[in-house]
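Peer 1: Structure in structure tokens, see below.
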Amino acid sequence: MRTYLITGANRGIGLAITEQLLARGDKVVATARQPAEAQALAKLAASASGRLVVVELDVASPASIATLPAQLAKADITALDVLINNAGMIGPKRQSTLDMDFDGFAETLAVNTLAPLRVAQVALPLLKAAKGSKILTITSRMGSLSHMTSDRIAYRTSKAAVNKVMQGLSTDLAPEGIVVAVAHPGWVKTDMGGQAAAIEPAESARGLIAVVDGMTSGDVCTFYDYSGQIIPW
Ligand code: NDP
1 MRTYLITGAN
11 RGIGLAITEQ
21 LLARGDKVVA
31 TARQPAEAQA
41 LAKLAASASG
51 RLVVVELDVA
61 SPASIATLPA
71 QLAKADITAL
81 DVLINNAGMI
91 GPKRQSTLDM
101 DFDGFAETLA
111 VNTLAPLRVA
121 QVALPLLKAA
131 KGSKILTITS
141 RMGSLSHMTS
151 DRIAYRTSKA
161 AVNKVMQGLS
171 TDLAPEGIVV
181 AVAHPGWVKT
191 DMGGQAAAIE
201 PAESARGLIA
211 VVDGMTSGDV
221 CTFYDYSGQI
231 IPW
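Under my numbering, the very last position in the sequence shown is 233; numbers go up by exactly one each time.
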């Protein structure tokens, strides 16, 4: 049984990953901004025999992130095998280069770019306490710099930037034997992806779990998609 920490696990892709990991016998620390409202997680907890721990986390708030170690200690979590930085936002309505909501842009960067690193930093002692631990950050193909498209610039920039952050983290954690990668989850039917999207959350989650399973110590940071294909930076 391995222990996973998944941010933004109360709905969408994070919830689907949580459900599948519990079904195969792993332990999950699922974070939610409002655990009391996280009914889907409460339902999963009822049949998880103590393998699902729900903790409160607003990744936009450094103060909230700082409470994570104490919350994990309280739940007797002393090591983490895998951190999945999944929480994310699409950003403000106005996010083109010629008409930018800059406050919304800053919030998008805080949630999609800075938070995955902040969470990784506070989780580090617990990741070090496990052998061969892994960090997967959910990014987007929209962050690939090889796309010349100009729509959704705040979102694209936040994902391009988190890719760079994770490349750096990968290099810096290699001596610890901790492997870091980023993955595009596909175009997924969630509140963010919309109902016209190509795949169900369960299919994305299956692929992402296989990506994590396949990551091995010594790998350089790779930009995967949910089917395991490599995406150009
Ligand atoms: P959803 O909008 O369905 O869910 C987003 C999740 O992130 C929710 O749990 C939400 O919590 C959480 N979240 C947002 N802001 C914060 C915050 N400040 N603190 C804590 N949690 C927060 O999105 P998806 O499941 O579709 O997306 C998951 C990841 O996949 C994101 O990183 C997204 O960018 C990425 N992605 C998704 C694609 C898609 O097609 N769906 C395509 C490419 C990438 P709450 O319920 O409290 O709002």
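Built from N, CA and C at the ideal position, the CB exists for glycine as well.
Determine, using beta carbons only, whether Tyr226 and Ile199 come nearer to each other than 9 Å.
Peer 2: The residue given as residue 226 occupies position 226 in the sequence shown. The residue given as residue 199 occupies position 199 in the sequence shown. Yes, the pair counts as a contact, with Cβ atoms nearer than the cut-off.
Peer 1: Rank Ala183, Ala196, Glu203 by C-alpha distance to the C-alpha of Gly214 and give the top, closest one.
Peer 2: Taking the first residue of the sequence shown as 1, we reach residue 214 at position 214. Comparing Cα positions, the closest option is Ala183.
Peer 1: Could you say if the region 123 to 142 and the region 71 to 84 meet the contact criterion of at least three C-beta pairs nearer than 8 Å?
Peer 2: With the cut-off at 8 Å, the region 123 to 142 and the region 71 to 84 touch.
Peer 1: Closer than 8 Å by C-beta to Pro62: which residues in its own chain qualify, once you throw out the five before and the five after it? Chain order, please.
Peer 2: Start at 1 with the first residue of the sequence shown, and residue 62 comes out as number 62. Around Pro62: Arg118.
Peer 1: Residue range of the alpha helix (DSSP H) that Tyr155 falls in?
Peer 2: Start at 1 with the first residue of the sequence shown, and residue 155 comes out as number 155. Per DSSP, Tyr155 belongs to the alpha helix (DSSP H) from 153 to 173.
Peer 1: Taking only heavy atoms of the ligand NDP into account, decide whether any of them is closer than 8 Å to the Cβ of Lys235.
Peer 2: The structure shown does not extend to residue 235, since the chain is modelled only from 1 to 233, so the question has no answer here.
Peer 1: Start and end of the alpha helix (DSSP H) containing Thr3?
Peer 2: As a position in the sequence shown, residue 3 is number 3, starting the count at 1. Not the alpha helix (DSSP H): Thr3 falls in the beta strand (DSSP E), residues 3 to 6.
Peer 1: Tell me whether the beta-carbon of Asp103 lies closer than 9 Å to the beta-carbon of Gln95.
Peer 2: Taking the first residue of the sequence shown as 1, we reach residue 103 at position 103. Taking the first residue of the sequence shown as 1, we reach residue 95 at position 95. Not closer than 9 Å, so no.
Peer 1: Can you determine whether any heavy atom of the ligand NDP sits closer than 8 Å to the C-beta of Val59, and answer yes or no?
Peer 2: Mapped onto the sequence shown, residue 59 falls at position 59. Yes, Cβ of Val59 sits closer than 8 Å to a heavy atom of the ligand NDP.
Peer 1: Report back the beta-carbon spacing between Val111 and Ala60 to the nearest angstrom; my notes put them in contact at under 8 Å.
Peer 2: As a position in the sequence shown, residue 111 is number 111, starting the count at 1. As a position in the sequence shown, residue 60 is number 60, starting the count at 1. Their Cβ separation, rounded to whole angstroms, is 5 Å, which keeps Val111 and Ala60 in contact under 8 Å.
Peer 1: From which residue to which residue does the beta strand (DSSP E) around Thr31 run?
Peer 2: Here residue 31 is taken as the residue at index 31 of the sequence shown, counted from 1. That run of the beta strand (DSSP E) goes 27 to 32.
Peer 1: Where does Lys93 fall in DSSP's three states?
Peer 2: Indexing the sequence shown from 1 puts residue 93 at position 93. Three-state result, Lys93: coil.
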